[in-house]
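> According to this note's numbering, the stretch in the sequence shown is residues 2 to 256, in order. Here it is: the structure, laid out below.
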Amino acid sequence: MVSHLVTTSRNIVGIAGNFISLFLFLSPLPTFVRIWKKGSVEQFSPVPYLATLINCMVWVVYGLPMVHPNSSLVVTINGTGTAIELAYLTLFLIFCHDKKKRLKVVLIVLLELIFVAALTALVLIVAHNTRRRSLVVGIMAILFNIMMYAAPLSVMKLVITTKSVEYMPFFLSVGSFANGVAWTTYAFLPFDPFIAASNGLGTLFSLAQLLLYATYYKSTKRIIAARQGAKMEMNLSEVVFNGDNNDPKKTSTAP
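In structure tokens:
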């Protein structure tokens, strides 16, 4: 009876976790809509999307039946996440005008694909049972899951320096926090140390991002307002200047 209740609870939390993870993967959409409209990636960083891609691919390997049985929910959501992150990175490459940065992103994606393929082959060939395979891939998954949660922290220096969270995607931080809470809960039904450790730390990282966002939210609004005001003044000055030059009364003529 208790075992059936735990299994049912795990499935319910797992399904909820899938929906929350989907929200996490889709949360950067406003950022990419902005990139699409402006035709440029501006100062947005590709690091969170690269980190999420490798994380999703490794968790797909972890959830395979021959690695960690009864983890179909882990496979489905991370397979979806892999496809979404590849779409984001494709858009990033299209609108990135820095050739060196574009080449760097392509090389990192290729290295990630090679690494996951090598990890899968090595685990299936060398480890001869699911317990050992789960251990090896689980340790890798913890590392990359922590990297995914910590990736948005790469912009912390920019945020603190500029006192602006303009280039720190808010919905990505919210999605990361909700995702961490959901999968940490899932990890205790029954206890899975690999899912628990990575998502527990991820929850703390995401909380730090939200606190940083709250700290600099007001100053960001002031900075954006000041920038828009300066732009309007500059445009007005140009109009006045051009108007003076075109005024025939102010145009000197030779006698």
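Idealized CB from N, CA, C, for every residue including glycine.
Expressed to the nearest angstrom, what Euclidean distance is found between the alpha-carbon atoms of Val59 and Val110?
13 angstroms
> Am I right that Ser135 and Val61 are in contact with their C-beta atoms under 8 angstroms? What's the rounded C-beta distance?
That belief does not hold up - the Cβ atoms of Ser135 and Val61 are roughly 14 angstroms apart, past 8 angstroms.
> Relative to the C-alpha of Val14, which candidate in Ile225, Pro191, Ile85, Leu87 has its C-alpha closest?
Pro191
> Restricting to Cα atoms, I'd like to know which of Asp193, Ala183, Val76, Thr9 is closest to Ser207.
Ala183
> In whole angstroms, give me the CA-to-CA distance for Thr53 and Asn130.
Linking Thr53 to Asn130 through their CA atoms gives a straight-line distance of about 28 angstroms.
> Roughly how many whole angstroms lie between the Cα atoms of Val76 and Ser41?
33 angstroms
> Tell me whether Leu6 is buried or exposed, calling it buried when 16 or more other Cβ atoms sit within 10 Å of its Cβ.
exposed
> Thinking just about the alpha-carbon of each residue, which of Thr9, Ser22, Ala17 is nearest to the one in Asn180?
Ser22
> Excluding the five sequence neighbours on either side, which residues of its own chain have a C-beta within less than 7 angstroms of the C-beta of Met148, listed in chain order?
Ala52, Asn56
> Can you name the residues that DSSP bridges to Phe189?
Its beta-bridge partners are Phe192.
> Could you check if Tyr126 is buried or exposed, using at least 16 other CB atoms within 10 Å of its CB as the buried criterion?
Checking the sequence shown, residue 126 turns out to be Ile, not Tyr. Label assigned to Ile126: exposed.
> Just checking my contact of Ile143 with Ala198 at CB under 8 angstroms: how many whole Å lie between their CB atoms?
5 angstroms
> Between Val137 and the rest of its own chain, which residues show a CB-CB distance below 7 angstroms, the 5 nearest in sequence each way excluded?
Val124, Ala128
> Reducing DSSP to helix, strand and coil, say where Asn71 ends up.
Note: Asn71 maps to coil in three-state DSSP.
> If we count the other Cβ atoms within 10 Å of its Cβ and call it buried at 16 or more, is Pro70 buried or exposed?
exposed
> Ordered along the chain, which non-local residues of its own chain (more than five positions away) have a Cβ less than 7 angstroms from that of Thr185?
So the list reads Ala197, Asn200, Gly201, Thr204, once near-sequence residues are dropped.
> For Thr162, I'd like the list of residues in its chain whose CB is within less than 7 angstroms of its CB, leaving aside the five on either flank, ordered along the chain.
none
> Expressed to the nearest angstrom, what Euclidean distance is found between the alpha-carbon atoms of Phe171 and Gly230?
24 angstroms
> Using C-beta distances below 7 angstroms, list every residue in its chain close to Val156, excluding the 5 sequence neighbours before and after it, in chain order.
Ser46, Tyr168, Met169
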